[in-house]
Structures are given as C-alpha cells and as structure tokens.
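Comments concern the structure below.
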Amino acid sequence: MSLFWRIFLLNAAVFVAAAAVLMLSPATISAPVSSAEVVVVLVGLMAMLVANLVLLRIGFRPLGRLIRAMTSVDLLRPGASRPAVSGHGEVAALISAFNAMLDRLETERATSNARALSAQEAERRRIARELHDEVGQSLTAVLLELKHVADEAPGAVATSLHQVQEITRDSLDEISRIARRLRPGVLEELGLASALKSLTVEARDHAGLAARCRVDGELPGLDDSAELVIYRVAQESITNATRHSGAVHLDVLLRSDEHGIRLRVRDDGRGIGEAPEGAGIRGMRERALLVGAELTIGDAPDGGTEVLLHLPNRSA
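Following this line, the structure appears as structure tokens:
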C-alpha cells in the first residue's frame, strides 16, 4: 500500500470513529450553542487530533530512522549498521533503496580510492627517483667542485667555501631523507619491521622525540599493499605527533597474533580532542579501507593520541 493511501486510511479511521461516537452518544448541539456543548465539541476535537497524531507518528517512524541513518552515514567507516527495513509499501522500498545505494557507494569509493592511491604511490616513486638521480647527483657534483676549489683557495676564502660545503651537504642529506619518505626503500629491501624501526630512529634524530619501536610475534607473509598501508599509517601518525602534538615520548608497537596484525602508535602530546579530522587522518582511513583494516584514532589512556590499526587474519 502506498504512503498516500496509508495516511488517508489512518485519517479516515479517526473520522469514522469520531462519527460513530457522535452518533451513538447522547450529546446534541443546539442553536445557539451552549457552553457545555462547546466543551464537548472541543474535547472530541482534541481526542481526534491526538489519535491522528499517534497513528501518523507510528506510520512515519521508519522514515525517522532512515533520516537519522542518512545524517550519520560515513563512507570512510564502511559496514556501519544499515537502517532496518520496516514499514510497508513505499517506506520499505525507500529504506531498501537507501541501503543498496550505500553498498554501491562504498564499493565505488573503495575502487576509486585504490586507483587514486596507486597513482599517488607511483607519483611519489617518480619524484623520489628524480630527487635522488637528478638533484642528488647535481648537489654531489657541486660538493666535489667546492672541495676542489677550497683546496686551492687562500685561507679566508677556503673557510667560506668549507661553510658552503657543509650547507650543501646538509641540503643533500635533507633531500635524501625526503626521497626515503616518498619511496620507502627500506620497506622493500629489509621488510616492515625494519622500516618501522627506521621511522622511529628518524623521529629521534630529526625531531628529538624519545621514540621506540617494538615488534611482538612473528609477522606473517603480507602482500605489498598491506605492508605499505601499515607503513604509511605509522609514518603519518609519527609525522602528526612530531608536528602537531608537542609530544616528548612516542611508542610504536606492531603485534601479530591469531587474530591478525595490530599497529599502535601512541604519544604523550596534547591529544586529538575535538579537533576535526584533517587530510592526513582521512588519508589513513582511506588506506585502511583498501586492505579491509579497521582504524581507530582517539585519546590515549594516559593522555596524548593513540592510533590503532587492526588488519584481521583473513584465513582464521
């Protein structure tokens, strides 16, 4: 039955009931209307309105649940509970169509995110290669030429040239560090555990954090995409802790058990609080979706921020 006819029949039921009460009751209306008769009419009208309100509220209750689901849905958190298909006719069809639309949107978003992140990684590799092969080699050539000139220059000029050498060498080191962040060669060459330890060493050396990394359990064989997601989530978490949290201590834990792999990055900074999620956190969520992982970001038990990534064991 369509929504139109349901509403019509609900109202008709109220009017029929009111007419039956009017015909069967001893109440009469005279002209002019007495005050007692006005009270009876008003009471009857209020009863009709209340009955109509209750019946319509019951009829529209499934639409209310649908509206709440529509306002709270987040495609970065897929698999959220869908509104139960209830009601009749158009209402049930509308809820079913909404649930089907969410399924399609989540599938299409996952596919498009996979393509976008794959293109992003390819672009990062290209930029890292150009930094290393072109800019890095050019600066290396400049260093060699500066050394040659400084060896033949008089004392004061040689001192200045040595200072320029140190600045150029620092710039070369910074370019190499940026290239490593863009293209984690240590991940490809030494594996995930070594790559995470390298991130904490870099946090200690360049940001002054008291950072440590622990790996519990034997890591199972992961495909390249899963390793890259874990690495990028850890990298972004450490970057956020370094730049925004004001943290002093940083702890990275990678644990493997029968339930899967869990990554935890915890700092003792100011915490995330009520701050809106930025592009970095949204990027982490999108990466987690690619491998079916669950990402949780919130306040740590003792203050600071805690990032948890759980990659379930699909074979369990």
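Residues 94 to 409 in this note's numbering are what the sequence shown lists, from first letter to last. Glycine included, each C-beta is placed from N, C-alpha and C at the ideal position.
Per-residue burial, residue i [other beta carbons within 10 Å of its own, 16 or more giving buried]
{"i": "E399", "result": "buried"}
{"i": "S330", "result": "buried"}
{"i": "L292", "result": "buried"}
{"i": "E237", "result": "For the sequence presented, residue 237 should be read as Leu rather than Glu. Label assigned to L237: exposed."}
{"i": "V384", "result": "buried"}
{"i": "A190", "result": "exposed"}
{"i": "L146", "result": "exposed"}
Those residues which DSSP pairs with residue i across a bridge
{"i": "P405", "result": "G353"}
{"i": "A303", "result": "H342"}
{"i": "D360", "result": "L343"}
{"i": "G391", "result": "E399"}
{"i": "R348", "result": "D309 and R355"}
C-beta contact flag for residue i and residue j at 9 Å
{"i": "L283", "j": "V308", "result": "no"}
{"i": "A393", "j": "R359", "result": "yes"}
{"i": "A327", "j": "D361", "result": "no"}
{"i": "D344", "j": "R357", "result": "yes"}
{"i": "A334", "j": "L302", "result": "yes"}
{"i": "T224", "j": "V242", "result": "A small correction: the amino acid at residue 224 is Leu; Thr does not occupy that position in the sequence shown. No, these two residues do not count as a Cβ contact at 9 Å."}
{"i": "R274", "j": "G182", "result": "no"}
{"i": "I188", "j": "A177", "result": "yes"}
{"i": "R355", "j": "L321", "result": "no"}
{"i": "V166", "j": "L195", "result": "yes"}
Own chain partners of residue i with C-beta closer than 8 Å, once the 5 adjacent residues on each side are dropped
{"i": "A409", "result": "Summary for A409: the model assigns pLDDT 47, below 50, so the residue's position carries little reliability, and this model does not support an answer."}
{"i": "H337", "result": "G362"}
{"i": "A207", "result": "L383"}
{"i": "A105", "result": "none"}
7 Å CB neighbourhood of residue i in its chain, flanking five on each side removed
{"i": "P277", "result": "A288 and Y324"}
{"i": "A296", "result": "L302, A304, I331, T335 and L343"}
{"i": "A300", "result": "T335"}
Same chain, Cβ closer than 6 Å to residue i, neighbours up to 5 away in sequence not counted
{"i": "F101", "result": "none"}
{"i": "R158", "result": "P176"}
Inset, instruction - Evaluate the contact criterion for the segment 375-382 versus the segment 296-316: three or more CB pairs, one atom per stretch, below 8 Å. - result: no
Inset, instruction - Report yes or no: do three or more beta-carbon pairs, one from the segment 106-120 and one from the segment 130-141, lie closer than 8 Å? - result: yes
Inset, instruction - Would you check if the segment 227-247 and the segment 259-271 touch, i.e. whether three or more CB-CB distances between them fall below 8 Å? - result: yes
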